[in-house]
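Asker:
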Amino acid sequence: MGITGAQALIKFLEEEHVKYIFGYPGGAVLALYDAILESKKIKHVLVRQEQAAVHAASGYARVTGRPGVCLATSGPGATNLVTGLATAYMDSIPVVAITGQVGTDMIGTDAFQEVDIFGITMPITKHNYLVKDVNDLPKVVKEAFHIASTGRPGPVLIDIPKNVSGAVFDYQPPGPVDLRGYKPTYKGHPAQIKNLAKFIQEAERPVILAGGGVISSNANEELYALAEKINAPVTTTLMGLGAFPEDHQLSLGMLGLHGTPYANYAVTNCDLLISLGVRFDDRVISVASKFAPQAKIVHIDIDPAEIGKNVIVDLPIVGDVRLVLEELLKKVTKKEHHSWLQQVKAWKESHPMVYGNLSQLRPQYVIEKLGELTRGKAIITTDVGQHQMWAAQFYKFTKPRSFISSGGLGTMGYGFPAAVGAQLASPDSLVVAITGDGSFQMNMAEMGTATEQCLPIKILLFNNSYLSLVRQLQHFLCGKRYCGVEFTGNPDFVQLANSYPGAVGLRIEKPEDVEPVLKEAINNGKLTVIECRVSEEELVYPVVPPGRSLDEMIHYPVEEGGTNE
Amino acid sequence: MKHTLAVLVENRPGVLTRIAGLFARRGYNIDSLAVGRTDNPLISRMTIVVDGDDRVIEQVSKQLYKLIDVIKLTDITNDEYVDREMILIKVNADPAIRGEIMQIVEIFRARIVDIGRNSLIIEATGDEGKINAIESALRPFGIREVVRTGKIAMSRGPKHKNGKSQELL
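Heads up: the sequence lines are chains A and B, in that order. Residue 1 is where the first sequence starts when you use the numbering used here, and the numbers rise one by one after that. Residue 1 is where the second sequence starts when you use the numbering used here, and the numbers rise one by one after that.
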């Protein structure tokens with residue numbers, strides 16, 4: 001019995017247990033939308049702009065660990081996915097993007113709404129396809145899900161011409177995926193793991209650096225076991241937040257440009273750095289030649305191309321972090337590091353994470369309070385800017401997949417649509433999108449999507465009418481010559497929220513408002529914008545100046561009364 | 001240092017773009033890239049000459065290998081291998097000096113493949129050094145047009161690095 005390409009696609013998505021497709025319709029995807037209508041298992045989530053569809057799919061994927069799916073039409077629909085695909089690519093997030101294309105007979109003629117999305121997305125997807133024959137479609141879709149979710153995860157795009165999705169064919173279920181050129185290495189080399197155990201045995205000042213790879217390989221329990229067994233402090237990258245509970249005494253919080261002082265000191269002074277699923281981004285290492293100068297560096301990663309890319313390592317292990325740690329745990333014995341941990345404790349006491357006094361409303365304080373009220377268990381999504389760094393610094397994450405943020409690409413406009421995906425992925429969780437007035441305005445039209453889906457997301461909006469992280473850069477690097485960073489046309493965000501059916505707007509203006517307003521928002525069960533009016537003077541500290549090593553960071557200025565009392 | 005990479009790839013549309021694009025966006029310098037299908041019509045082989053130190057070449061190789069369409073990649077620089085390049089040169093050749101040009105062609109074991117009223121087209125194959133030498137030997141006559149294929153290379157001896165289909169399928 002013949003079915004259309006579109007029907008075959010939806011059938012396959014159902015078999016893959018896809019529950020949501022985030023999308024926006026158009027002429028080139030009519031057959032696909034027609035087929036979705038017939039599905040009882042898949043729900044279509046209509047976004048307000050395609051970029052939000054891919055961000056939502058990525059938020060969904062980050063929470064569930066399974067591929068998020070988005071759908072856009074040809075031409076402008078497809079190009080609107082580009083930022084989100086690049087975001088997912090940089091952060092290794094499994095996303096399957098489906099785009100419509102003009103009919104195969106029209107390809108190359110500059111037809112209406114034609115764009116070479118296959119060519120455009122080559123550098124920002126793990127792999128992509130242009131399906132010219134409907135008979136190839138089942139195999140391609142199966143391969144796409146396989147590639148997106150195995151090895152180092154990443155986005156995969158499938159471009160389907162409209163005559164292909166509309167074509168009737170004799171559907172044959174695809175056989176097992178066998179790609180000659182794609183065989184990820186999961187098991188670490190036993191000799192290398194043995195060497196690592198030896199390094200650990202010899203080390204006196206070890207530090208574990210956990211990245212996003214720990215989260216994507218679900219290695220948090222193995223990480224916890226290793227840290228406790230060898231008594232090594234654990235720092236994480238931005239992408240690794242939540243991999244290790246920050247209320248644990250071995251936790252150092254985040255490393256890097258805006259990392260905690262004690263993480264930066266510990267890494268600069270350690271003699272063994274065990275790096276798990278990280279890619280040594282310049283925001284993490286600052287200057288490669290000055291990074292962990294006294295340490296033997298061990299790098300465990302599933303992607304061989306990451307090893308030796310930015311930092312020269314002493315011991316590379318290619319493999320899945322979880323499987324490598326499982327093997328490693330069998331080979332290491334209990335270790336104590338009293339004097340090293342004493343030193344780390346001393347750094348924590350001498351250089352704690354601080355912020356200015358509460359004579360005014362401080363965003364750091366709001367985030368800290370949110371952390372207390374939710375006991376570090378909410379799903380936090382962020383946009384990009386000062387608020388993102390404060391969320392990373394002051395919300396004490398206790399579980400993996402609870403910090404959803406654009407780490408690598410630094411995509412403003414990510415947080416709120418990602419929260420839509422996150423809330424659908426985990427309907428019982430409290431999802432808070434922490435954002436700034438600049439970032440929120442990039443995708444605030446998604447209020448409509450969240451309203452339509454009855455999602456009780458909390459949007460914690462820090463409004464200082466400034467693009468404040470850029471303002472901060474201009475403060476430090478351009479001698480306070482501020483240009484293009486002031487927003488004088490901001491709406492009343494509380495009223496804006498109130499104008500959406502079922503949504504509410506709340507405002508925090510003073511430190512004493514924080515707790516009651518947050519509690520009200522947490523308990524109201526509604527889509528809520530909480531606008532915090534904060535000072536534009538606030539800067540993110542600590543900060544490592546360009547070209548400096550991590551331990552040369554600038555701390556919170558004493559004259560500004562750095563305290564969190 | 002120049003490295004010669006033998007790369008087996010799926011013979012599919014877009015693969016060349018993927019590879020060339022990877023070089024461009026990561027800032028690696030391709031010296032030459034020659035591509036054609038192997039005895040297996042589903043597989044193409046590329047010979048890529050790339051300039052860089054060991055770290056660069058390691059990154060190039062790893063990044064290339066990450067591409068789903070890349071089946072196998074071998075750096076044959078330090079192997080014993082045979083390499084060839086082909087050149088077609090159209091050179092000014094008034095009847096009076098044709099003899100002189102023909103002598104040069106003879107020395108390089110090249111061939112004249114076309115004769116015009118005032119020009120000749122010469123075909124030569126050989127390693128890069130030989131091709132460079134014939135090009136400079138003919139330059140004084142006035143070169144009108146040159147086309148070079150870029151290097152193709154194959155390891156000597158019994159090693160199977162040339163994409164034998166039975167090995168791969």
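Backbone N, C-alpha and C define an ideal beta-carbon position, used for all residues, glycine too.
DSSP three-state call for B/M46: helix, strand or coil?
Answerer: The answer is strand: DSSP assigns B/M46 an E or B state.
Asker: Give the secondary structure of A/Y60 by DSSP, where H, G and I count as helix, E and B as strand, and everything else as coil.
Answerer: Reduced to three states, the DSSP call for A/Y60 is helix.
Asker: Please tell me whether A/Y182 has its Cβ less than 9 Å away from any Cβ of chain B.
Answerer: Yes, A/Y182 counts as interfacial toward chain B.
Asker: Can you name, in chain order, every residue of its own chain whose Cβ lies under 7 Å from the Cβ of B/T47, other than the five neighbours on each side?
Answerer: Here the set comprises T4, A6, A34, K151, I152 and A153.
Asker: Exposed or buried, A/H338, counting other C-beta atoms within 10 Å across all chains shown (16 or more means buried)?
Answerer: Flag for A/H338 reads exposed.
Asker: Cβ closer than 7 Å: which chain B residues qualify as neighbours of A/I309?
Answerer: Correcting the residue type first, residue 309 of chain A is Lys in the shown sequence and not Ile. Here the neighbours are Q59.
Asker: Should A/M444 and A/L527 be called a contact, given that it needs their Cβ atoms to be closer than 9 Å?
Answerer: In this structure, A/L527 does not lie closer than 9 Å to A/M444 by Cβ.
Asker: If you compare alpha carbons, which of B/D94, B/L120, B/I89 and B/I112 is closest to B/S136?
Answerer: For the residues B/D94, B/L120, B/I89 and B/I112, the minimum Cα distance to B/S136 belongs to B/I89.
Asker: Is there a Cβ from chain A that is less than 9 Å from the Cβ of B/V9?
Answerer: So, interface residue.
Asker: With a threshold of 9 Å between beta carbons, is B/V70 in contact with chain A?
Answerer: At least one chain A Cβ lies under 9 Å of B/V70.
Asker: Please report how far the alpha carbon of A/L430 lies from the alpha carbon of B/N11, in whole angstroms.
Answerer: Rounded to whole angstroms, A/L430 to B/N11 spans 49 Å at the Cα level.
Asker: Let me check one thing: in DSSP terms, what residues is A/V95 bridge-paired to?
Answerer: According to DSSP, which records beta bridges pairwise, A/V95 is partnered with A/G68 and A/P155.
Asker: Output the boundary residues of the beta strand (DSSP E) element that contains A/D301.
Answerer: That run of the beta strand (DSSP E) goes K296 to D301.
Asker: Find the nearest neighbour of A/G84 within the set A/I98, A/T99, A/Q51 and A/G77, judged by alpha-carbon distance.
Answerer: Considering only alpha carbons, the answer is A/Q51.
Asker: Nearest to A/V131 by alpha carbon, out of A/C483, A/F487, A/T125 and A/V141?
Answerer: Considering only alpha carbons, the answer is A/V141.
Asker: Spell out whether any CB of chain B is found under 9 Å from the CB atom of A/D136.
Answerer: A/D136 does not count as touching chain B.
Asker: Whole-angstrom Cβ separation of A/F440 and A/F403, contact assumed at under 8 Å?
Answerer: With a Cβ gap of about 18 Å, A/F440 and A/F403 do not count as contacting.
Asker: Of all the residues that make up the stretch 62 to 90 of chain A, which are near chain B by a beta-carbon distance shorter than 7 Å?
Answerer: Answer in chain order: no residues at all.
Asker: Would you say B/R37 reaches chain A, if we count a Cβ-Cβ gap shorter than 9 Å as a contact?
Answerer: Chain A, which has no Cβ nearer than 9 Å to the Cβ of B/R37, makes this no.
Asker: From what residue to what residue does the alpha helix (DSSP H) around A/T374 run?
Answerer: Per DSSP, A/T374 belongs to the alpha helix (DSSP H) from P363 to T374.
Asker: Cβ atoms of A/P161 and A/P138: under 9 Å apart, would you say?
Answerer: No, the pair does not count as a contact, with Cβ atoms beyond the cut-off.
Asker: Comparing C-alpha positions only, which one of A/A144, A/N163, A/V164 and A/S165 sits nearest to A/P155?
Answerer: Here the closest residue by C-alpha is A/A144.
Asker: Nearest CA to the CA of A/S289: which residue from A/H555, A/K19 and A/R548?
Answerer: For A/S289, the nearest C-alpha among the options comes from A/R548.
Asker: Verify whether the separation of the beta carbon atoms of A/Y20 and A/N80 is less than 9 Å.
Answerer: Going by C-beta atoms, A/Y20 is not nearer than 9 Å to A/N80.
Asker: What is the DSSP secondary structure of A/F244, counted as helix, strand or coil?
Answerer: The answer is coil: DSSP assigns A/F244 none of H, G, I, E or B.
Asker: Alpha carbon to alpha carbon, what distance is there between A/H189 and A/E222?
Answerer: Near 18 Å, if we compare the C-alpha coordinates of A/H189 and A/E222.
Asker: For A/K510, which residues of its own chain have a beta-carbon under 8 Å away from its beta-carbon, when the five flanking residues on both sides are left out?
Answerer: Closer than 8 Å at Cβ, skipping near neighbours: L361.
Asker: From which residue to which residue does the alpha helix (DSSP H) around A/S251 run?
Answerer: Per DSSP, A/S251 belongs to no alpha helix (DSSP H); it is in the beta strand (DSSP E), S251 to M254.
Asker: By the criterion of Cβ-Cβ separation under 7 Å, what are the contact partners of B/Q63 in chain A?
Answerer: The answer, in chain order, is A305.
Asker: Going by the CB atoms, is the gap between A/P546 and A/I554 shorter than 9 Å?
Answerer: Not a contact, by the Cβ cut-off of 9 Å.
Asker: Between which two residues does the beta strand (DSSP E) containing B/T187 stretch?
Answerer: Because chain B spans 1 through 169 in this model, residue 187 of chain B falls outside it and cannot be assessed.
Asker: Pull up the distance between the alpha-carbon of B/K161 and that of B/P13, whole angstroms please.
Answerer: Residue placement at B/K161 cannot be trusted, given a pLDDT of 47 that sits under 50; what the coordinates show is reported in the next sentence. Using only the alpha carbons, I get a separation of about 23 Å.
Asker: Compare the C-alpha of B/I43 against each of B/I71, B/I112, B/V113 and B/Y65 and name the closest.
Answerer: Per the Cα distances, B/I71.
Asker: Are any of the Cβ atoms in chain B nearer than 9 Å to that of A/K126?
Answerer: Closer than 9 Å to some Cβ of chain B, the Cβ of A/K126 qualifies, so yes.
Asker: Counting Cβ pairs closer than 8 Å, one from the stretch 360 to 374 of chain A and one from the stretch 383 to 398 of chain A, do we hit at least three?
Answerer: Result yes; three or more Cβ-Cβ pairs closer than 8 Å.
Asker: In whole angstroms, what is the alpha-carbon distance linking B/K66 and A/F493?
Answerer: Approximately 45 Å between the Cα atoms of the pair.
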